[in-house]
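Trainee:
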Amino acid sequence: MLGAIIGDIVGSRFEFNNHRSKDFELFTEDCFVTDDSIMTLAVAKAIMEAVKASPEAWKARDDRFHDLLSSLTVKYMQEIGRQYPGCGYGGRFYEWMFSDDPKPYKSYGNGAAMRVSPAGIIAESLIDAWSLAETVTAVTHNHKEGIKGAQATATSIYLAKTGALKSEIRKYTEADYYPLDFTIDAIRPSYRFNETCQQTVPQAIQCFLEAASFEDAIRTAISLGGDSDTLAAITGAIAGAYYGIPEALGQKALTYLDPRLRAIYDEWIRFCPPERERYKLLTKYIGKFSARAPGGPPGPAFHTRFPHHEFSKEWYSSAFVRTNYRAGLEKMKIGQLYDDSLTMAVEGLDAEEVLTLITAAFRHDHFDNGMLDRYLESGIMLKWLKRLKDIDWQERSPVIKEVELYRSIWPMFPRQYRVSLDGGKAVFEKNTHPQNRDGEDKQQEEAARVRRALEDLHFEYWLADYQPPDGLLVLDGEQWKLAVTYSDGTVFRSGGSNAYPDNWQQLLDFFGIDPSNQEEDPDDTNPSLVAAPGPEGLRASIEELRNELANQVLERDQLLYVTCRNIEMAYMLEIGGLEYRAYELECAVERLKRKMELLQAQKNRQEQIDLAAVEEILDMQLARYQAKLKEKIAKMNQAIEWGRKTPLTEEDQTEVKRLYRALVKALHPDLNPRLEKEWLNLFHKAVTAYEKGHLDELRLIATLVGKQSLPQWDDDETAALIEEEERLDQLIDHVKKDMRRIKSEYPYRMKSILENPGKLKKKRTELEAAIQALEERQQLYQSKVDELLR
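Sequential numbering of the sequence shown, starting at 166, is according to my numbering.
1) Helix, strand or coil for GLY415 per DSSP?
2) Just reading off the alpha helix (DSSP H) that PHE957 is part of, what are its end residues?
3) For ASP775, which option in LYS760, MET785 and LEU787 has the closest C-alpha, if you only look at C-alpha atoms?
4) Apply the 10 Å Cβ neighbour rule to VAL304 and answer buried if 16 or more other Cβ atoms are within range, or exposed otherwise.
5) If you follow the alpha helix (DSSP H) that LYS595 is part of, which residue opens it and which one closes it?
6) At the level of alpha carbons, what is the spacing between PRO687 and ASP228?
7) Please list the terminal residues of the continuous beta strand (DSSP E) segment that includes ARG929.
8) For VAL564, does the count of other Cβ atoms within 10 angstroms reach 16, so buried, or fall short, so exposed?
9) Which of the three DSSP states is assigned to SER393 in this structure?
10) Does LEU330 come out as helix, strand or coil in the three-state DSSP assignment?
11) Tell me whether PRO438 is buried or exposed, calling it buried when 16 or more other Cβ atoms sit within 10 Å of its Cβ.
12) Work out the CA separation of GLY661 and PRO462 for me, nearest whole Å.
13) Within its chain, find whatever has a CB closer than 7 Å to the CB of TYR337; leave out the 5 residues flanking it on each side and keep chain order.
14) Going by Cα to Cα distance, which pick from ALA591, VAL727 and GLU891 is closest to PRO912?
15) Give me the residue from THR327, LEU345 and VAL301 with the minimum Cα distance to GLY405.
16) To the nearest angstrom, how far is it from the Cα of LEU954 to the Cα of ILE212?
17) Check ALA169 in the structure and name its three-state DSSP category.
18) DSSP state of SER388, grouped into three classes?
19) Alpha carbon to alpha carbon, how far is LEU419 from ALA207? Give it in angstroms, no decimals.
20) Which residue spans inside the stretch 224-300 form an unbroken alpha helix (DSSP H) run of at least 4?
21) Let me know the secondary structure DSSP gives VAL656 once reduced to three states.
22) Roughly how many angstroms lie between the CA atoms of PHE624 and ALA591, to the nearest whole one?
23) Within 10 angstroms of the Cβ of VAL656, are there 16 or more other Cβ atoms? Answer buried if so, exposed if not.
24) Comparing alpha-carbon positions, which option in PRO220, LYS449 and LEU832 lies nearest HIS554?
25) Given a cut-off of 8 Å, decide if ARG929 and LEU763 are closer than it, judged by their beta-carbon atoms.
26) Could you tell me the alpha carbon to alpha carbon distance between PHE230 and SER219, rounded to whole angstroms?
27) Would you mind reading off the limits of the alpha helix (DSSP H) that contains VAL564?
28) Count Cβ pairs between the stretch 408-418 and the stretch 517-533 that sit closer than 8 Å; are there 3 or more?
29) Based on the DSSP secondary-structure assignment, which residues constitute the bridge partners of TYR651?
30) What's the C-alpha gap between LYS585 and LEU925?
31) If we call anything under 8 Å between Cβ atoms a contact, is THR365 one with LEU396?
32) Report the rounded CA-to-CA distance for ALA284 versus GLY401, giving the unit in angstroms.
33) Just to confirm, is the Cβ distance from SER127 to ARG257 under 8 Å?
34) Which parts of the stretch 735-800 are runs of the alpha helix (DSSP H), unbroken and 4 residues or longer, counting only runs that do not cross its ends?
35) Would you mind giving the Cβ-Cβ distance between GLU375 and ILE349, rounded to the nearest angstrom? I have them listed as a contact below 8 Å.
36) What is the DSSP secondary structure of GLY661, counted as helix, strand or coil?
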């Protein structure tokens, strides 16, 4: 996430003043935080709060979690975003952010990708990255291209942080998202400002792929031009996950965050600590080289050859090359030849000595082409990389607290195995049921052995993802996931589909799993059988459900037609004028901004300024803004009319509810699926009368219903009664869900503001600040338009 923030800040001063070179100062007094960083932090806040609010739903990754995350994303993007009204939001997003009823607006702008980095960072699998990206994006950018741009970015971030090679990231991007059949140098002269995902995300990914370091990635993105801050934010997010972020750059960027934004960032770092491994750029190759180590099993297709070129390229462009390697070899008292390097005991080497030996190996290959193969195929290079990993690991001093293995072998039941190490005890669980252990002393004695056995597995060497040969997706066979939790709070995750690390059998032996026994029953459950109720019991149950459904419909309609109307009226009278003024200014600002762009385009093409043509284009493009203005005026007028109505007495209100409930039970089509058309028409008239509070009309309809004979339920078959019972159950759930939706949307959500003078004052203050910021932007754009017309 910090990579995105750095890219945004560095690119902020170049958005409307492109700099097509890598030669520039990264941070200056002209740099500032834009909407890219603010929305990224808002998404991070939403993810944190969703995980904290429902850890079980997060663990299950079910619809409950994604529904919660969606609503919290809206909440925090609005709450945080409204505090920075002048930070550069697009017109439609600005409208969404200050809306009381925010809805997605089919956008495919690059804002979808610039804020998504927290989803890629927190994701624990590719599917996680896809689904989290879609959830936090679809609240605004629900166009398929917008979601695709966000998912492509989150996927690249996830792959980068889990040790994928650049060739693998390119492969995923081209297979699932965008062609990358261009170079940055080739497109730089003709690339222009573009706010779509289609013309920003692939370019940002290519900037990362061509870069040699984190800083080089940022400079490459800026040098391309276009929407510089967003382009650099997307590139920086991926590069940060891949390379890590130089401490000096990170600390400098954080000085641009105000205390509110810095507090969110600090909370995220506590929630999702960044990796502290210094040598990750090299040690990520451990899994790649292990797959073809002597005696090891063959790995996936991309392991059939050592990734020489990528490894070499990254080595030479890294800060790990030791130019004084000869002095280092002399200090170790060895020569530069291959056989000399084998004489050193790897276990006792420090990091400087390992880097000296790797540098010497590459120099040896430079003078004797092909020698690098020997270092790789013999396994000595792998040992050096593992030593660097061990050094990183020892500095962290992590202690394993829990290991959880999940195996799903189609078509058998999934199995879950867990061992927890806490307080000197080792507790084993299988399918969430603790296994029996004989005595507490044995557990305490066993804990030390268990920890040693787990450490011997060296999970730190494992890949994040093991895929079958040739990259084929196999739906049957085994899918597995592993999570290792350490004492410092970090969690290592791995998984695979019919593909495994070379010490997989060692893990199975640890849990006592016999891979040949696929018939193991996952749970010792014996569900009891319950006799189905007879027709009389079903009829009684159906009558109860009919009464409950009638009550629920009455409650929902009271909420929709009375409570929400009153809330909207009060809100419009309190806040509506300010909201209208803010939106009116937003329309004016958007028109001026677009006018400036059109005039600038005519100048760039060396055309004569045609102001009439520009105004005509603006009228067409911004027609929806005028329609929205009219809609807001209409709402205010409706609220005023509603407020002028004579309220019903308490007795009349009680009678309205009683009559309406009786009519719902008698005429509602869900309760009476066999009603004829004339009865349905009568029901719709009853709904209208209730909505308008017309007591006399409700009395008349109730009298008509009482004098007529309504169709009756006359089915005696048990199966039909059971079906009706299930139907009513589902309808009740649907109405309850409908009420939850109503309470989560405008205008009901404004109730908490109206009932709290402090919140009401805060809302007014926010709108007044937004109006002031918009007036300033209006003056700025007007001055630029005037300058273009001179």
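Heads up, the beta-carbon is just placed ideally off N, CA and C, and yes, glycines get one too. Note that the structure is predicted; figures quoted are calculated from it, not measured.
Mentor: Answer, in terms of the structure:
1) helix
2) The question about residue 957 has no answer, for the chain in this structure spans 166 to 955.
3) LYS760
4) buried
5) Run containing LYS595: none in the alpha helix (DSSP H); it sits in the beta strand (DSSP E), 590-595.
6) The pLDDT assigned to PRO687 is 43, lower than 50, so where the model puts this residue is not dependable; a value taken from the coordinates is nonetheless given after this. Spanning the two alpha carbons is a distance of roughly 25 Å.
7) Element bounds for ARG929: not the beta strand (DSSP E) but the alpha helix (DSSP H), 922-954.
8) exposed
9) Helix.
10) coil
11) exposed
12) Residue placement at PRO462 cannot be trusted, given a pLDDT of 42 that sits under 50; what the coordinates show is reported in the next sentence. Rounded to whole angstroms, PRO462 to GLY661 spans 15 Å at the Cα level.
13) The residues are THR320 and LEU324.
14) When each option's Cα is compared against that of PRO912, the closest is VAL727.
15) Taking GLY405 as reference, the option from THR327, LEU345 and VAL301 with the minimal CA-CA separation is THR327.
16) Cα to Cα, LEU954 sits roughly 47 Å from ILE212.
17) helix
18) helix
19) Cα atoms of ALA207 and LEU419: separation of roughly 16 Å, rounded to the nearest angstrom.
20) 228-246, 256-262, 276-279 and 282-287
21) strand
22) So the alpha carbons of these two residues sit roughly 19 Å apart.
23) exposed
24) Looking at the sequence provided, one finds Lys at residue 554 rather than His. Taking only the C-alpha atoms, the option nearest LYS554 is LYS449.
25) no
26) 7 Å
27) Taken as a continuous stretch (DSSP letters only), VAL564 belongs to no alpha helix (DSSP H), as it is neither H nor E.
28) no
29) ILE565
30) Note that residue 585 corresponds to Ser in the displayed sequence, not to Lys. Answer to the nearest angstrom: the Cα atoms are 50 Å apart.
31) yes
32) 15 Å
33) Past the edges of the chain, shown from 166 to 955, lies residue 127, and the structure says nothing about it.
34) 742-769 and 776-786
35) 6 Å
36) DSSP places GLY661 within a strand segment (E or B) once states are collapsed to three.
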